[in-house]
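Residue numbers (my numbering), protein chains in the order written: chain A, 304 to 716; chain B, 95 to 521.
What follows is a set of notes on a single structure, which appears directly below.
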Amino acid sequence: MIQFDRFELANGLKVLVHPDTTTPMAVVNILYNVGAKDENPEKTGFAHLFEHLMFGGSVNIPEYDEPLQRAGGENNAYTTNDLTNYYCQLPAENIETAFWLESDRMLSLAFSPKSLEVQRKVVCEEFKEHYINKPYGDAWHKMRTLAYTQHPYKWMTIGASLAHVEQATMEDVKDFFFQFYRPNNAILVVTGNVKTEDIKLLAEKWFGPIPAGVPYKRNLPQEPKQLKHKSLDVRADVPMDMLMMTWHMGGRFDASYHATDLLTEVLGGGASSRLYEQLIKVRQLFSSISCFHFGTIDPGLFVITGKLVKGISMSVAEKAVLEEVEKMKHEILDAKEVQKVINKTESMICFEDMSIMNRAQSLAFYELLGDAALMNEELAKYQTVTPAIIQSTAKTIFEDSNRNTLYYYSKTS
Amino acid sequence: MALDRTIAPNIKDAVDFDIQLKPCQKYVLDNGVEVYAFEGGAQEVMLLELVFFAGNSYETKNWVAPATNYLLKNGTSTKSAFEVNEAFEFYGAYLNRSCYNETATISLHSLTKHFAEVIPVVSELVADAVFPEKELDIYAKNQIQQLTLNLKKADFIANRFIDEYLFGIDHPYGKYSSEESYNQLTRDDLVNYYNKFYKEGKCIVFMAGQFPANIESILNKYIGTLPLNKKDIVLPAHQIVSATQKKYSVVNDPSSVQGSIRIARHFPNRHHPDFAPAQVLNNIFGGFFGSRLMSNIREDKGYTYGIHSYLQTHIQQTAWLVSTDAGKDVCTATVSEVYKEMAILRDELVDIEELNLVKNYMLGSLLGDVDGPFQIIGRWKSYILNGITEEYFYNTIHTVRTVQPEQIKDLANTYLKEEDFYELVVY
């Protein structure tokens, strides 16, 4: 049970505090309610480019990292399709440094042309390192474009193309900042060796004077129901064939979310999962296989992907995966197998909650979903999932018309 | 009064923090196996790690040590690989194993309430792993495929080659796998290695988190009765054979858009008095986000997504490395900037402001690093395996607090000389 206090500033900034006196450290986490899905389709990669620019100096402080390091702190950030999250950890006694730094960059960035120029290059190198100079690096780009026709999940956070990042202008950057990086579009979470009264004073002092922005009304194109199986053949200089299948699934608020999560565990969670045992060990069709889902707020994708053993044909591999998937629709799971995945989930939640950093990020995420207290209800939700619910979830997801398949062939095989 | 945002809030210098390494408990099981335990943490979870002296320093045929370590959970005389996995996973426990150079480990992450259900299976893996032929076949086949894939990646190749240049292909720190090494593994190799280095091997236990009430008796029952620590296990001496050529350029993929750069030199182990002050120099050079390499090569020039320098933590002898992936057309420029930064450190005294920042950063991170039960036991484990005591912890802190610019410059003149470094770019 994670206890926390919550208050809101007049400018709309939500603040959550979770005191933990067993640690000498504190974490300051700011989540901005903007992700790659909020980007203009002609200017993708912006939310992530922004994450880089946020370290290029703010209106009153030329350098973000230096004063934080001087206070003994460390920081980082990440961007997903749904959100952008910044966090720093530092000795609790120096927490005001984090308030000073974070509030100044919320007030306004420095918008230095040099920073934009350099970070464009850095992001291009990141793009190359992860998506070009790497075998199968383009697979997700291709899969997203195949599976989504309307919803902005069709592009990756790094951007749909290098050109979008290369062409980013200072005007674009400013517009994006003042639209999304406003207090009423952010959630501040503080965890660690702190007192809520002190955090209230600090929040008022540093964040209180920042003007609210125009509230962002998200109105994203929703993905229409897919009516037939779609597939794409890819041939590339990779050492072995890869099969990647996705099915559309419900979003984070969907009643089937927890059952879907457990379904991925049954199929692909660990060495006692079905796909691992049947397809790698017993039938030896795949050398590696995994099953997971996007965990996105809007309807995401349920994924099964694996590399084929040399000499196994794509059609044999595909048929074998579909057989396992069909079993989920037609056979009811043993209560013990469901208990196993619930136990695994319980364990995962406990281990995740060990650090004040993870607790801060979870609180921010659940607050974004509507209420941080939801974090404490997760396990109970998993525990209500029954074999019958998993089966009906499987029936809904594993419709063949709902499937997208990437046949990624090795040129050399 | 309006808030002046240009003025930084007061800070307590991290050099003034009282950083303590919390003590761990030690006891000895009936068979002589030592247990180091740190009890604490808010969550009802725990970690148990069995460290065996079974790293690749002990193998006489390539890849026997990692393969034995990997496959020891793939079946016992009463359980198939699937059943072993299920025995852990049913209780939400995670059984991992890792093979290093001197040691190889079996580690268990478990909810405290289920520990008593899963520890018998850990015991079974140490006493009764059977290494089925079929499991070895699948392992070898899949590892070869994985290797073929990895060999397409410039960074993977670069990591292998730089270790080979430094230590030699026959040294535990320099050797690596090949298709041939997987193909030549036999069941007998694994069984013999297992019998000698696990079943009747030498073991130390590390444990952290919240423990069940009768932990000592549980451990004595399941670990304390095993025939461990009966025989002397001697670490074989391995000669370091470094390459004579210093600079390399390798083309792995002509269509590559980046190059993987590794620049490395030998460095003594933790027992050497330069190790602690060199950590400070390393941080200034390339050890954290605010380092000179990062500021110059990423933040000023945008040549790379990231560049880091670090000291390896081998037990016998270590190395000092610079590692980055940079755009193909700027690899040469990146390498020369790295040497330029070395020269500046050799020629100029580090500014006291910069040095203080690095000290604060290091001690602030250290404060965070010794927070939490798993982190604390991890540090104790590293000390015990390296043959150092908690005095080392406090001496290191003292060194970081007191090191002066002159000493940093002297160290740079001793260790950051271009001619001592191996240099490799893989495209």
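Ideal Cβ positions, reconstructed from N, Cα and C, are used throughout, including at glycine.
Just so you know, these numbers come straight off a predicted model, no measurement behind them.
With contacts defined by Cβ atoms closer than 8 Å, A:Arg706 and A:Met548 form a contacting pair.
By the rule that beta-carbons nearer than 8 Å mark a contact, B:Thr154 does not touch chain A.
Runs of the alpha helix (DSSP H) spanning 4 or more residues and lying entirely within the segment 551 to 582 of chain A occur at 560 to 571, in chain order. B:Gln373 counts as buried, since at least 16 other C-beta atoms from the protein chains shown sit within 10 angstroms of its C-beta.
When rounded, the separation of the alpha-carbon atoms in B:Leu460 and A:Tyr519 is 41 Å. In chain order, Phe300 place their CB closer than 6 Å to the CB of B:Lys475, counting only its own chain and leaving out the 5 sequence neighbours on each side. In the DSSP assignment, B:Lys434 falls within the unbroken alpha helix (DSSP H) covering Cys425 to Asp441. About 51 Å separates the CB atoms of A:Lys317 and B:Ile232; that is not less than 8 Å, and the two are not in contact. Rounded to whole angstroms, A:Arg423 and B:Asn390 show a C-alpha spacing of 16 Å.
DSSP places A:Cys653 in the helix class (H, G or I) of the three-state scheme. The straight-line gap separating the alpha-carbon atoms of A:Pro322 and B:Phe184 is approximately 33 Å. Against chain B, the CB of A:Asp656 has a partner CB under 8 Å away; the residue lies at that interface.
Within the segment 356 to 384 of chain A, contact with chain B at the beta-carbon level (separation under 9 Å) is assigned to Phe358, Gly359, Ser361, Val362, Asn363, Ile364, Glu366, Asp368, Glu369, Pro370, Leu371, Gln372, Arg373, Ala374, Gly375, Gly376, Glu377, Asn378 and Asn379. Chain B places no beta carbon closer than 8 Å to that of A:Asp564, leaving this residue out of the contacts. Within chain B, the residues Gln352, Tyr399 and Asp419 have their CB atoms less than 7 Å from the CB of A:Glu432, given in chain order. Chain-order list of chain B residues neighbouring A:Leu393: Gly458, by C-beta distance under 7 Å.
Under the 8 Å criterion on CB atoms, A:Ala313 is classed as non-interfacial with respect to chain B.
Judged by DSSP in its simplified three-state form, B:Gly458 adopts helix.
The beta carbon of B:Phe487 lies closer than 6 Å to those of Leu115 in the same chain, with the five residues before and after it left out. By the neighbour-count criterion, in which a residue is buried when 16 or more other Cβ atoms sit within 10 angstroms of its Cβ, A:His633 is exposed. Secondary structure at A:Val606: strand, using DSSP grouped into helix, strand and coil.
Excluding the 5 residues flanking it on each side, B:Glu517 has same chain C-beta neighbours closer than 6 Å at Lys341 and Ile357, in chain order.
With respect to the 8 Å criterion, A:Val476 and A:Phe430 are not classified as neighbours on the basis of their beta carbons. Under DSSP, the beta-bridge partners assigned to A:Met547 are A:Thr608 and A:Leu709. Three or more beta-carbon pairs drawn from the segment 338 to 354 of chain A and the segment 382 to 391 of chain A are found closer than 8 Å, and the two stretches are therefore classed as touching. In summary, A:Ser559 is buried, with 16 or more beta-carbon neighbours lying within 10 Å of its beta-carbon over all protein chains present. Here B:Gln119 has Ala131 as same chain residues with Cβ atoms under 6 Å from its own Cβ, once five neighbours each way along the sequence are excluded.
Contact annotation, A:Asn397 with B:Lys106: C-beta distance approximately 6 Å; criterion of less than 8 Å satisfied. Comparing alpha carbon positions, the residue from B:Tyr270, B:Leu245, B:His332 and B:Lys247 closest to B:Ile409 is B:His332. The segment 269 to 284 of chain B makes no contact with the segment 435 to 449 of chain B: fewer than 3 CB pairs, one atom from each, lie closer than 8 Å. Residue environment for B:His492: exposed (fewer than 16 other C-beta atoms within 10 angstroms of its C-beta).
Think of a sphere of 7 Å around the beta carbon of A:Gln587: the chain B residues whose beta carbon falls inside it are Ile232, in chain order.
With a 10 Å radius around the Cβ and a threshold of 16 neighbouring Cβ atoms, B:Asp264 comes out exposed.
Selection A:Phe358, A:Ala395 and A:Pro365 evaluated against A:Asn378 yields A:Phe358 as nearest (Cα-Cα). Within its own chain, the residues whose Cβ lies closer than 8 Å to the Cβ of A:Gly572, once the five positions on either side in sequence are excluded, are Cys594, Val644 and Lys647, listed in chain order. Residues of the segment 396 to 409 of chain A that bring their beta carbon within less than 7 Å of a beta carbon in chain B comprise Glu396, Asn397, Glu399, Thr400, Trp403 and Asp407, in sequence order.
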